[in-house]
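Protein chains in written order, with the UniProt record's numbering: chain A, 1 to 274; chain B, 1 to 274.
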């Protein structure tokens, strides 16, 4: 990554080893991108750049990129995937939504299903929610013993270290929205019949525990932003700001990976096609 | 599907019960689309329509669409996926490339890995090659006993019938290119260093058995074009003609499926968001 690119990404980076307060990030911050039209146009260009870089990643076939998206209900995880990756050919992208675990998944350790869904070499894998639910909802709803949850931060860090040491670059984005913004988005899902299917009455139960969830996020960000797999907190109230920032970090990460078309182990002149 | 749409699709349909000769299809046929620029523009619009229809399919969450792509090396399977599905959000599309089976896959019956890769309800699944390789390369290279291969046609038909009876619509496209066109495309992979990674010297071995492969395709088309999962043979020498035809059939198939945003089991007025 260029110094310029690194300076951009660092604005949103949770620096390992320093104490971070979630309330220090303004979800409506648009100091980076002010102009909606220009930002959307830039994001579309970034999306095309990501597609071209992904093509090289696929051809190279040696490394993978894992993009983890976390955020409360309505934070814009689906919208980010559409906004940033819609131009990326489906050949090279796999999206996994982590919903309530199945009986079979629960019969394994909590990292099992995440590992199973990790992208193959050459691919971009996107996690819509992830193993981080096991220190978020699992913590707030006490779905596992307190001690087990406490151990998970180090377990996750070790798991992600192994991934990065074996060729997978890990990008983690927390989509940070305000409580007011969530209210508007939930109301929109009730008001628009085409969005009814996205509304889950259980989301209102989670909303009542807003502060507990914010605390769990803050702990997660402090415990699991590592040198090898840092967390980025993205101001999420404005969708176009969110998409612009994430598209830029993804593109710059792929540029830094700099995947190369592989050299053939043969000489083209050795072949005659009849 | 409207009568007009059906008439379009039927031009490429292998009619169950009639004897079909592959040589009766001209791979360079462009009687349907003559104008390259206009066809490309139309295909882009169709791709956007497919994206919108896919959104409804995903929201409905009751049915799936499975698109099977078969064709000789360089026939344009990857290119079709890019051309027809690049606008379709990666949330709703899963692509599976069927390569040489792994040891674990070979330890199961040949349909096992295909079944595992079938799309979930709400999704479009794309097979780049498929279980049909088990009556194509497996036949030409005698990778299984003759009798086993003979039995597979009926087995595949029964498997696909089960899929369609359980909510998955199956579309099967054979991308039909001429031997001359394959020569040009293989040469291009040798001449362009950025395409070297796509060139596999083993493809030349398959090319030597061109007629055997064409025979295997013809048998497959005659045996496995069924009322529930018909085969379409698509003239493939012109990429824009191929993409235009397939985009149109996919779009019209989704239109016929007519997925609906589900009705919520609650009344929006029952909820107050604090």
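Note that the Cβ used here is the ideal one computed from N, Cα and C, for glycine as well.
Source: prediction; values computed, not measured.
Pull up the CB-CB distance for residue 53 of chain A and residue 255 of chain A, whole angstroms please, since I reckon it's below 8 Å.
7 Å
CB-CB under 7 Å to residue 207 of chain A, same chain, minus the five flanking residues each way: which ones, in chain order?
182
Listed in chain order, which residues of the segment 191-205 of chain A have Cβ atoms closer than 9 Å to some Cβ of chain C?
Within the model displayed, chain C is absent; protein chains A and B are what it includes.
Within-7 Å CB hit, residue 239 of chain B to chain A
Cβ-Cβ to chain A under 7 Å: no for residue 239 of chain B.
Where does residue 235 of chain B sit, in a helix, a strand or coil, going by DSSP?
DSSP places residue 235 of chain B in the strand class (E or B) of the three-state scheme.
Buried versus exposed call for residue 162 of chain A [16 or more other C-beta atoms within 10 Å across all chains shown]
With fewer than 16 Cβ atoms within 10 Å of its Cβ, residue 162 of chain A is classed as exposed.
Just checking: is the beta-carbon of residue 117 of chain B within a distance shorter than 7 Å of some beta-carbon in chain A?
No, residue 117 of chain B lies away from the interface with chain A (no Cβ there is under 7 Å from its Cβ).
In angstroms with no decimal places, state the Cα-to-Cα distance between residue 275 of chain A and residue 61 of chain B.
In the structure as shown, chain A begins at 1 and stops at 274. Residue 275 of chain A is therefore absent and cannot be evaluated.
Chain B residues whose Cβ lies nearer than 9 Å to that of residue 87 of chain A
86, 87
Distance, residue 92 of chain A Cα to residue 29 of chain A Cα
32 Å
Please report the distance separating the alpha-carbon of residue 99 of chain A from that of residue 81 of chain A.
Cα to Cα, residue 99 of chain A sits roughly 16 Å from residue 81 of chain A.
Give the DSSP-derived three-state secondary structure of residue 25 of chain B in the structure shown.
coil
At least 3 beta-carbon pairs within less than 8 Å: the segment 214-233 of chain A vs the segment 13-30 of chain A:
yes
Mind checking residue 31 of chain A: buried by the 16 CB within 10 Å criterion, or exposed?
exposed
Indicate the three-state DSSP secondary structure (helix, strand or coil) for residue 126 of chain B in the structure shown.
strand
Given residue 77 of chain B, which residues of its chain have a CB within under 8 Å of its CB, disregarding the five upstream and five downstream residues?
69, 70, 71, 128, 129, 175
Contact defined as beta carbons within less than 8 Å: I believe residue 131 of chain B pairs with residue 156 of chain B. What is the distance between those atoms, to the nearest angstrom?
6 Å
For the ligand ADP, any of its heavy atoms closer than 6 Å to the Cβ of residue 26 of chain B?
With respect to small molecules bound, the structure shown includes none, and the ligand ADP cannot be examined in it.
Starting from residue 34 of chain A and walking both ways along the alpha helix (DSSP H), at which residues does that stretch end?
DSSP places residue 34 of chain A in no alpha helix (DSSP H); its state is neither H nor E.
Does residue 22 of chain B have its Cβ less than 7 Å from a Cβ in chain A?
False, the Cβ-Cβ gap to chain A never drops below 7 Å.
Taking a Cβ distance cut-off of 8 Å, strictly less, list which residues of the segment 255-271 of chain B are near chain A, in chain order.
Taking 8 Å as the Cβ-Cβ cut-off against chain A, the residues of the segment 255-271 of chain B that qualify are 261, 262, 263, 264, 266, 268, 271.
Show which residues of chain B have a CB atom less than 7 Å away from the CB atom of residue 41 of chain A.
Those do not exist, as residue 41 of chain A stays about 18 Å from chain B at its closest Cβ, beyond 7 Å.
Counterpart residues of residue 172 of chain A in DSSP-defined beta bridges
A:68, A:231
Would you mind sorting residue 166 of chain B into buried or exposed? The rule is 16 or more other CB atoms within 10 Å of its CB.
Classification of residue 166 of chain B: exposed, given that the 10 Å Cβ count is below 16.
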